[in-house]
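Only one structure is covered here, and it is reproduced in the block below.
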Amino acid sequence: MNEKQAPILVVDDEPEMCWILENIIRKAGLACMTALNAREAMALTESNKFGMVFLDAKLPDIDGLELARKLRKTNAHLPIVIVSGYFYQDDPTIEGALRAGLITAFVGKPFDHDEIVRIITHNAR
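Here the sequence shown is numbered in our numbering, starting from 743 and rising by one per residue.
This is how it looks when you write it as structure tokens:
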């Protein structure tokens with residue numbers, strides 16, 4: 743991975759999930775920051791430029807897809823990946839978000855670590 747790539751943001755209300763994704767990302771050679779809710783994520787995006795966002799679909803303060811809409815308004819080309827145990831790949835909500843370009847990819851929980859690395863390799867800026 744390119745050391746000059748922007749860090750990746752992980753947003754999940756489960757600290758363990760943040761830790762798992764952060765470790766995968768760091769092992770892939772990239773910097774990572776984490777947020778436990780949408781408020782923290784928005785604050786981080788105001789002061790940092792991210793190359794990609796892994797975003798939980800269900801957050802305590804806002805729906806993950808709503809946060810994706812807010813992020814998309816400030817950065818139309820930011821790769822956003824929804825990570826969820828609530829939705830599934832062919833869920834109409836996820837399919838619609840993918841078709842509309844709201845999200846770049848979807849990963850179901852539990853996920854394969856190699857899948858995360860593949861998504862980063864193909865999408866991180």
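The C-beta atom is built at its ideal place from N, Cα and C for all residues, glycine as well. Computed from a prediction, not measured in an experiment: that's the story for all the values here.
| Check | Outcome |
| --- | --- |
| With a 10 Å radius around its C-beta and 16 neighbouring C-beta atoms as the bar for buried, classify Asp832 as buried or exposed. | exposed |
| Please identify the residue among Lys769, Thr863, Gly843, Leu763 whose C-alpha is closest to the C-alpha of Pro852. | Leu763 |
| May I ask whether a heavy atom of the ligand ATP can be found less than 7 Å away from the beta carbon of Asn765? | This structure lacks the ligand ATP, and indeed carries no ligand of any kind. |
| Quickly, what does DSSP pair Phe829 with across the bridge? List them, please. | Looking at the DSSP assignment, Phe829 forms no beta bridge with any residue, so it has no partner. |
| Of all the alpha helix (DSSP H) runs that stay within the bounds of the region 787-828, which reach a length of 4 or more residues? | 806-816 |
| Going by the beta-carbon positions, is the gap between Thr785 and Arg867 smaller than 8 Å? | Contrary to the premise, residue 785 reads as Ala rather than Thr in this sequence. No, the pair does not count as a contact, with Cβ atoms beyond the cut-off. |
| Check Phe776 in the structure and name its three-state DSSP category. | According to the sequence provided, residue 776 is Thr. The question's Phe does not apply to it. Residue state, collapsed to three classes: strand. |
| Apart from the five residues just before and just after Met743, which ones in its own chain have a Cβ nearer than 8 Å to its Cβ? | Reliability of the predicted coordinates at Met743 is poor, the pLDDT of 49 falling under 50, and no value is obtained from them. |
| What do you get for Gly806, buried or exposed, if any count of 16 or more other CB atoms within 10 angstroms of its CB means buried? | buried |
| Please state the DSSP three-state secondary structure of Ala847. | strand |
| Please name the residue in Glu756, Glu857, Asn779 whose C-alpha comes closest to that of Glu808. | Asn779 |
| Leaving out five residues on either side along the sequence, give the residues of the same chain with a beta carbon under 7 Å from the beta carbon of Tyr830. | Gly850 |
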